[in-house]
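S.K.: Residue numbering for the sequence shown follows our numbering, starting at -18 and increasing by one per position. Glycine included, every Cβ here is placed at the ideal spot set by N, Cα and C.
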Amino acid sequence: MPHRYALALAALLALAATRARADDAPWARTTLTYDGAAIGNLEGGAARSSTYVGNLRLRSLLDLQRAAGWTGTHAYVDALWIHGGQPDAFVGDATGVNNLAAPPNLQLEEAWIEHNLARADVSLLAGLYDVNSEFDRTQSGGLFLNSSFGIGPEFSQTGVDGPSIFPRTALGARIAYKPAAGVVLRAAVLDGVPLIRSGDRLRAFQAGDGRLYVAELALLDRPGARRAPDARFRIGRNAMLPMYEGKLAIGAWHYTTTFDRLVPAGSRTTQHGATGYYAVADRTVVHDPHDSDRSLSLFAQLGAGDPDVARFGRYFGAGAVLAGPFASRRQDELGLAVAVARNGRPWRQQQAPRPTTATERSIELSYLAQARDWLAVQPDLQYVIHPDTDPTVRNALVFTLRFELSTGL
């Protein structure tokens, strides 16, 4: 069923793009993007092996003011085809060495409508929505391939079947308010379980799903419009926004459904609800005075989950990104980052007598080369220490060659 809806939507998007281009004032921005990655575990981990993963996306941002006269209103749709293998199966890690990898499917990733009340500095959004597109994210962390740098595992691995993030999103609504320049308050409420259920069934707001509430306060420093150091396509809420120079944000999330507590085998207790907190910081600390495209940025992530019902109780991530690392490669990016996911005590006690380590740590070195306006190539090396926090598994060395092709329609 999701396949049928996604194919129908893809056809409509292509038709909308053709009609929008024919108008004097185009009302649709549509792109076709393909991300692919060849991933090999060079040593350690569960097994020495390799695989390929890919994501094909057809995305469109529709200006409903131009198309239908609805002032301040946009719609966004994202049809996604996920294919390929599962690198975590042979790396043996618990947090995800590649943020493209997911169960193969053809699906709708997002489909929402947003209305901006300009006089009140308020934005309202409703539909199929990825909370990580706005909450608990950093600009600099987007360079890296390890899933933790997009959103910490203390949040991403929660809920009945995960929160509303890639690759499974949920229906919900979001409100954003800007009380002052550089200050954004966001809050969202979503179905506590993603729309696509087991067996590819589409279900929403079923009994027992509960709700997921997320709130964030972000302080942003945007001294002036500056284009991204890479030319990768940005669309949706982030379209046409200048990059920030600095961000400091704190947030919290809460589920309202009932969860099984992590207790030793042979017993079972439950609790109602689960809560977590996070903070992110991201700052451009050095600029080349002679070239605005060249800079150094630092970022950090902190997260605290609910260890009574989820494996990871704490998370810390940090990294540095050098934009324009060479004078002749002003659009490239070079980054180094580290992620530390810490098991909660209840989970470790539940695993007894199997030995476990306290943390899984990942160190990532990545280089993004913007070869053409339509092509980016990214070699990436990760060293995973204590994969799956299993002391019997050797540390893994993982190499990835990722590429991205994109074109406007």
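1) In whole angstroms, what is the alpha-carbon distance linking THR238 and ILE146?
2) Three or more C-beta pairs under 8 Å: does that hold for the region 69 to 78 against the region 91 to 111?
3) Ends of the alpha helix (DSSP H) at VAL374?
4) Going straight from the alpha carbon of ALA9 to that of GLY53, what length do you get?
5) What are the complete alpha helix (DSSP H) segments, minimum 4 residues, inside the region 68 to 155?
6) Can you name the residues that DSSP bridges to PRO360?
7) Within 10 Å of its beta-carbon, does HIS391 have 16 or more other beta-carbons around it, so buried, or fewer, so exposed?
8) Write down every uninterrupted run of the beta strand (DSSP E) in the region 288 to 347 whose length is 3 residues or greater and which is fully enclosed by it, in chain order.
9) When the Cα atoms are used, what is the spatial distance from GLN138 to LEU356?
10) With distances taken Cα to Cα, identify the nearest neighbour of ASP59 among THR14, GLY189, LEU45.
11) Could you check whether ARG47 and THR12 sit closer than 9 Å to each other, using their CB atoms as the reference points?
12) Within a Cβ cutoff of 8 Å, which residues of the same chain sit near VAL391, ignoring the five residues on either side of it in sequence?
13) Count the other CB atoms, across all protein chains shown, that sit within 10 Å of the CB of THR373; report buried if there are 16 or more and exposed otherwise.
14) With a cut-off of 8 Å on the beta carbons, I'd call SER31 and ALA19 a contact; round off their distance for me.
15) Go to ARG10, then tell me how far its beta strand (DSSP E) extends in each direction, as first and last residue.
16) Where does the unbroken alpha helix (DSSP H) through ALA188 begin, and where does it stop?
17) Take PRO85 as the anchor and find which of GLY133, SER121, GLN67 has the nearest alpha-carbon.
18) DSSP has VAL267 in a bridge; who is on the other side?
19) Tell me whether VAL174 is buried or exposed, calling it buried when 16 or more other Cβ atoms sit within 10 Å of its Cβ.
20) The beta strand (DSSP E) that contains LEU61, what's its start and end?
21) Compare the C-alpha of GLN330 against each of PHE130, PRO288, ALA49 and name the closest.
22) Would you tell me roughly how many angstroms separate the C-alpha atoms of GLN312 and GLN120, rounded to the nearest one?
23) Quick check: GLY140 and VAL195, are their CB atoms within less than 9 Å of each other?
24) Whole beta strand (DSSP E) runs in the region 219 to 250 with 3 or more residues, listed along the chain?
25) Distance, Cα to Cα, ILE94 vs TYR57?
26) Flag this pair as yes or no: are the beta carbons of LEU105 and ALA92 separated by less than 9 Å?
27) Exposed or buried, which one is VAL394 when buried takes at least 16 other CB atoms within 10 Å?
28) Just how far apart, CA to CA, sit ASP102 and HIS55?
M.R.: A quick look at the data gives this:
1) Computed Cα separation, rounded: 18 Å.
2) no
3) Premise fails: VAL374 is in no alpha helix (DSSP H) and is neither H nor E.
4) 14 Å
5) 69 to 72, 134 to 137
6) Answer is LEU382.
7) Since the first residue of the chain shown is -18 and the last is 390, residue 391 is not available in this structure.
8) 293 to 304, 314 to 324
9) 32 Å
10) THR14
11) For THR12 and ARG47, no; Cβs fall outside 9 Å.
12) Residue 391 lies beyond the range of the chain shown here (-18 to 390); nothing can be said about it.
13) exposed
14) 7 Å
15) 9 to 24
16) DSSP places ALA188 in no alpha helix (DSSP H); its state is neither H nor E.
17) GLN67
18) LEU277
19) buried
20) 54 to 65
21) PRO288
22) 16 Å
23) no
24) For the region 219 to 250, whole beta strand (DSSP E) runs of length 3 or above, ordered along the chain, are 227 to 241.
25) 6 Å
26) no
27) Residue 394 is absent from the structure shown; the chain starts at -18 and stops at 390.
28) 16 Å
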